[in-house]
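As numbered in the working numbering, the sequence shown has no gaps in its residue numbers, which increase by one up to the final residue, 336. Beta carbons are placed, not taken as given, at the ideal position from N, Cα and C, and that holds for glycine. One structure is given here, and the rest of the page talks about it.
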Amino acid sequence: MSAPLVDIRNVSHRFGQLAVLKNVSLAIEPGSYTILLGPSGSGKTTLLSILGGFVTPSEGKVFIRGQYCTAVPPAKRPTTTVFQDYALFPHMSVGGNVGFGLRMQGVDGATRAAKAREALALVGLAAAFDKKPHQLSGGQRQRVALARALVIEPAVLLLDEPLAALDLELRRQMQDELK
């Protein structure tokens, strides 16, 4: 049996006196599709933030690809996170938003544009490459954020309710594509 892609060991986290996560352990195998379910305030987003490196756990360890990552910053992790608010850059085109991570990796402009176009086609937005985020619907902006996450081919893709703004048919299609 192979080592888990993600290995969370005894992770706990507190915000002041409020314990949000208590001794959470979880192993996620490569190629799997794992969903965290729970009521609002149960720590799902906190756990995703810990996996993505945005929050350091109060206790416990995080390993990704067998590497200790508990204190590794987000930009140095093999993860990409799509949060509920999408965090698109309003001054950039959709293509620029999708290619931003590749730009940070030093990928040349032509390759970056080609990969951004591929990712946009994957989420059904090939025609939106030159548009600005404000010209898109909420569901379309959500798909742009998803394309931006997918284009850098992360080892771990963390999604915090990224399909919530999509209609049922498109949500099912995106779930199939993500698998």
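Between the beta-carbon of residue i and the beta-carbon of residue j, is there less than 7 Å?
i           : j              : result
glycine 209 : proline 231    : yes
alanine 276 : valine 229     : no
alanine 306 : threonine 237  : yes
serine 189  : isoleucine 165 : no
lysine 288  : valine 264     : no
valine 255  : alanine 278    : no
valine 219  : isoleucine 185 : no
What is the rounded straight-line gap between the Cα of residue i and the Cα of residue j?
i             : j                 : result
glutamate 326 : glutamine 299     : 15 Å
proline 214   : leucine 205       : 11 Å
valine 212    : threonine 203     : 7 Å
glutamate 216 : asparagine 167    : 7 Å
alanine 312   : histidine 291     : 30 Å
arginine 329  : phenylalanine 240 : 19 Å
glycine 180   : leucine 193       : In the sequence on display, residue 180 carries asparagine and not glycine. Their Cα atoms are separated by approximately 16 Å.
glycine 170   : threonine 227     : Inspection of the sequence shows that residue 170 is occupied by histidine rather than by glycine. Computed Cα separation, rounded: 12 Å.
lysine 233    : glutamine 262     : 11 Å
leucine 315   : threonine 268     : 25 Å
aspartate 235 : serine 159        : What sits at residue 235 in the sequence shown is proline, not aspartate. Going by the C-alpha atoms only, they are around 18 Å apart.
Which residues bound the alpha helix (DSSP H) around residue i?
i              : result
isoleucine 207 : 201 to 209
glycine 256    : 251 to 261
In terms of residues, what are the limits of the beta strand (DSSP E) holding residue i?
i          : result
lysine 272 : That residue, lysine 272, is in no beta strand (DSSP E); its alpha helix (DSSP H) goes 266 to 279.
Are the C-beta of residue i and some C-beta of chain C separated by less than 7 Å?
i          : result
valine 313 : Protein chain content of the structure displayed is limited to a single chain, and chain C is not contained in it.
Subject >> contact_flag[the segment 218 to 238, the segment 274 to 294] where n(CB pairs < 8 Å) is 3 or more >> reply: no
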